[in-house]
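Each residue of the sequence shown is one higher than the one before, starting from -3 at the first, in my numbering. Just so you know, even glycine gets a beta-carbon here, dropped at the ideal spot from N, CA and C. Here is the structure we will look at.
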Amino acid sequence: MLLIIDDDIAVCTSLSLLLRKEGFDVAIAQNPEDAFAILKRHPVELVLLDMNFSNTTTGEDGLQLLQQLKLFEPTLPVILITGWATIDLAVQGMKLGAADFINKPWQNAHLVQSIRTALALATPKVQETSPINTTLKTQTNAPTSTSSTRRTLDKQFDFGQIIGEDSQLVQILQTIGRIAATDASVLILGESGTGKELIAEAIHQNSQRSKRPFVKVNLGGVSTSLFESEMFGHVRGAFTDARFDRTGRFELAHRGTIFLDEIGELDLSSQVKLLRVLQDRTYEVLGSSKTKSVDVRIVCATNRNLEEMVAQGTFREDLLYRINLIIIQLPALRQRPNDIPLLVNFFVNNLSQLYHRPQLKVSYEALKWLSQLHLPGNIRQLKNLVERTVLISPHDTLQIEDFQQNYQTTPNNNNTTMSSLPEVGSMTLEEMEIQMIKRAMEYHRYKVARVAKALGLTRSALYRRLEKYQIPFEEE
Ligand SMILES: Nc1ncnc2c1ncn2[C@@H]1O[C@H](COP(=O)(O)OP(=O)(O)OP(=O)(O)O)[C@@H](O)[C@H]1O
Ligand SMILES: [Mg+2]
């Protein structure tokens, strides 16, 4: 049963008509007392709460009622109904645990979609321990084998292209399994090359929208001046260069999923324009006054820290709450080193088929060596390294040396040299020196002559440092 709390009888009537037509059982409360009386007597699955639930009340009362509802039944999903003028209230409400917020006047289809999403998220399909709306950063010391959990998941879902048995990854796949069929918006976070796009595709592939389009937009590459035309389309003559009609990305994604990549790159003026369409699923084609509505699932990704950007005023908080119903935090590859051999073998198998080299494989030592490699470009860098090595090396069994030659020349990604340096103040030069020497020693398997060359030192200068820092080495 759904409970509508609103003292405006006209709103209650139109809402309950709509929701009954959609097959829901509906109860109405026109004040907080009635609301709690109903909650005590009936199995209410979800509450629709108008923030200005009385003409004489303020939004603050709405927030208070929300808090009381959450105290009464913490897991009960509450969807807020707010006016544009009270958007700040909606954000506060989300912080207090509301499931979603809908703006007045609402789009019926969008409201129903939001209700179904909240209901689906409240009843987990796959057994899982991690709560919704929290990042999945926390490492679990998986007691049962994560590989068997992974196999169970693979029977239910299509995750064929996503390799890995690390407990963090398996938890993420469980979350995807649970939320894929809903229309919940998903925000995917993670360093460059950790597989954000792959995860976005998996969400779409395992959803009911899988037969419909998956439209990817790289927001980092869309200029401010072209944002509206790109996203919403334009009609001929809308501006000087508009010689033809153009279909926008949202229209292309209708009934499917839109993947807004690098959302952290969006400037504030484009953020407002995006907010509007995410808010009520309507937009106007540039140069036309007709309002169009769109049915789309939103998946976003970024390697930026959006909360920090909100604090700095460079990312809108209300936009963040629109896109982050579910947050998926992808681990860096160095946090899941045990997956490196699986990934390498997967890439090598694909290449061995592609190039008809059935004998191709990787030695055990090389797999071990690759597992401790410094890879700031994460899986993308590992994949590039494997591809390059397979192409260049004449051997069927790839050894450490084969990879070593290519590692130096593999581009990792754009700005890693800068961003991979530790924060100023977090490390002294001496500590950095120690780390670099240790890393070079591992990399060159403790061959002092090579290590000295790689670090630009004479052998005796290196020996002095090894002794000073008590780093173990073998005499040559
Ligand atoms: N778990 C995985 N198993 C197999 N391949 C993977 C996995 N994760 C990522 N990859 C591969 O690594 C490459 C990089 O992945 P992807 O493009 O999804 O990363 P990204 O996080 O979007 O990176 P960026 O931030 O640079 O855009 C792709 O070729 C992808 O297929
Ligand atoms: Mg990407």
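List the endpoints of the continuous alpha helix (DSSP H) containing residue i.
i: I168; result: S163 to I175
i: A307; result: L302 to Q308
i: V382; result: N374 to I388
i: F223; result: F223 to F228
i: S10; result: I5 to K17
i: S143; result: T142 to Q152
i: T82; result: Segment: none, T82 is in no alpha helix (DSSP H) and carries neither H nor E.
i: S348; result: I336 to L350
i: I111; result: N104 to A118
i: R435; result: L425 to Y439
i: P28; result: P28 to R37
i: D314; result: E313 to I319
i: A198; result: K192 to Q201
i: R446; result: V444 to L451
Using beta-carbon positions only, say whether residue i and residue j come within less than 8 Å of one another.
i: I75; j: L117; result: no
i: S203; j: R318; result: no
i: D179; j: R332; result: no
i: R242; j: G229; result: yes
i: S348; j: L338; result: no
i: V447; j: A436; result: yes
i: L329; j: I336; result: yes
Name the residue from the options whose alpha carbon lies nearest to the alpha carbon of residue i.
i: E56; options: P39, Y439, A86 and R332; result: A86
i: E313; options: Q368, L321, Q331 and L302; result: L302
i: V166; options: A180, D150, S181 and T178; result: D150
i: F210; options: I168, V295, V218 and G217; result: V295
i: Q308; options: P468, V292 and G260; result: G260
i: R441; options: E429, N402, I159 and L369; result: L369
i: I430; options: V273, P468, V420 and Y403; result: P468
i: V290; options: A249, A177, T142 and S206; result: A249
i: K288; options: R245, L321, F255 and G189; result: R245
i: V358; options: E224, L185, I396 and A23; result: I396
i: L363; options: H391, I323 and F399; result: F399
i: L316; options: M432, R455, A450 and Q275; result: Q275
i: F68; options: I195, T236, E258 and P28; result: P28
i: N320; options: S12, G93 and L14; result: G93
i: T253; options: L451, A196 and C8; result: A196
i: E226; options: L329, V281 and I83; result: V281
i: V273; options: T236, E224, N334 and G160; result: E224
i: H484; options: N299, R300, L(-1) and K286; result: Since the first and last residues shown for the chain are -3 and 472, residue 484 lies out of range.
Which residues mark the beginning and the end of the beta strand (DSSP E) in which residue i is found?
i: A234; result: Note, A234: premise wrong, no beta strand (DSSP E); not H, not E.
i: V182; result: V182 to L185
i: E280; result: T278 to E280
i: S289; result: T287 to S289
Strictly by DSSP, which residues pair up with residue i?
i: L(-2); result: V22 and L42
i: E463; result: In DSSP, E463 forms no bridge with anything.
i: T324; result: Residue 324 is actually Ile in this sequence, not Thr. Partner(s): I184.
i: F255; result: K212 and V295
i: F97; result: L76
i: L394; result: V358
i: T243; result: G229
Consider the C-beta atom of residue i and the heavy atoms of ligand 4; say whether any pair is separated by less than 7 Å.
i: K212; result: With respect to small molecules bound, the structure shown includes ligand 1 and ligand 2 and not ligand 4.
- request: Mind the definition here: the stretch 143 to 157 touches the stretch 214 to 223 only if three or more C-beta pairs lie below 8 Å; say whether that holds.
  value: no
query: When the Cβ atoms of the stretch 456 to 465 are set against those of the stretch 382 to 394, are three or more pairs found closer than 8 Å?
result: no
- prompt: Do the stretch 7 to 21 and the stretch 104 to 112 meet, that is, are 3 or more Cβ pairs less than 8 Å apart?
  reply: yes
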